[in-house]
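Right, one structure below, let's go through it.
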Amino acid sequence: MKTNDILKLLTLAACLLLVLNAMAEHYTCTSTISFDTELVRNLPVGEVSDWIYITLNRNDSTDNFTNIQFQLDMPQELQVLGVTNTKTDASDCLSVRGTNRPDDGGYFVLQLNVLRDGEQIEITKNPFVLCRMKLKKMGDLPSDAKVTISNLRYTDSHDGSWTALDHTISF
Numbered sequence: 005m006k007t008n009d010i011l012k013l014l015t016l017a018a019c020l021l022l023v024l025n026a027m028a029e030h031y032t033c034t035s036t037i038s039f040d041t042e043l044v045r046n047l048p049v050g051e052v053s054d055w056i057y058i059t060l061n062r063n064d065s066t067d068n069f070t071n072i073q074f075q076l077d078m079p080q081e082l083q084v085l086g087v088t089n090t091k092t093d094a095s096d097c098l099s100v101r102g103t104n105r106p107d108d109g110g111y112f113v114l115q116l117n118v119l120r121d122g123e124q125i126e127i128t129k130n131p132f133v134l135c136r137m138k139l140k141k142m143g144d145l146p147s148d149a150k151v152t153i154s155n156l157r158y159t160d161s162h163d164g165s166w167t168a169l170d171h172t173i174s175f
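Okay, here's the thing in structure tokens:
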């Protein structure tokens, strides 16, 4: 194969990658997940918190979203006992799933398929209370304790994909 042929193939491959990237709309945003840490900071060791509400504050150009997922990495001194969308802005329209990862203290929250009676619905409220969780304090929190929010992604009803930068919530 000649050098010219190799350059033509590389140019074609680069063009195909650009087209594929353009077809999969993807935007970076500065949206954040937050919750009130005071409910956990003052909780005695061994006790279970009241419901703690997890809020999404969108900072992007969409006025709605349909699917969302994110990962919460908790300090090992906190154990997530349950997550639900009951009594939140997502009541009856957002399925909430989560999995404890006791080996590293993490907790993954996945919320998908914002549907009602088979129809896609739009959620335009901002900030938006996604879900609530209960935490058990297993030990004293270190002074630099924090929760890391990573892999925050959501899709708007016009099929635009949004990805936020990882951020932390300090106690």
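Going by the working numbering, the sequence shown opens with residue 5, and the numbers climb by one from there.
Positions of the beta carbon are idealized from the N, C-alpha and C atoms, including for glycine.
- Beta-bridge annotation (DSSP): W166 is paired with Y31, Y158.
- Nearest C-alpha to I173 among E42, N89, Y31: E42.
- Annotation for A149: P79, F175 place their beta carbon closer than 6 Å to its own, counting only its chain and skipping 5 residues before and after.
- In the DSSP annotation of this structure, the continuous segment of the beta strand (DSSP E) that includes L60 starts and ends at 56–61.
- Relative to the Cα of V151, the nearest Cα in the group S38, T34, A168 belongs to S38.
- Look at L43 here: in three-state DSSP terms it is helix.
- Pairing S35 with T7, the inter-Cα distance amounts to about 47 Å.
- The shortest C-alpha to C-alpha distance from L47 to any of D170, K138, T128, G86 is the one to K138.
- The beta carbon of L145 sits closer than 8 Å to those of V44, R45, P79, E81, L82, F175, all from its chain and outside the five residues before and after it, given in chain order.
- For S38, the enclosing beta strand (DSSP E) has its first and last residue at 36–38.
- In the displayed model, T7 falls within a helix according to three-state DSSP.
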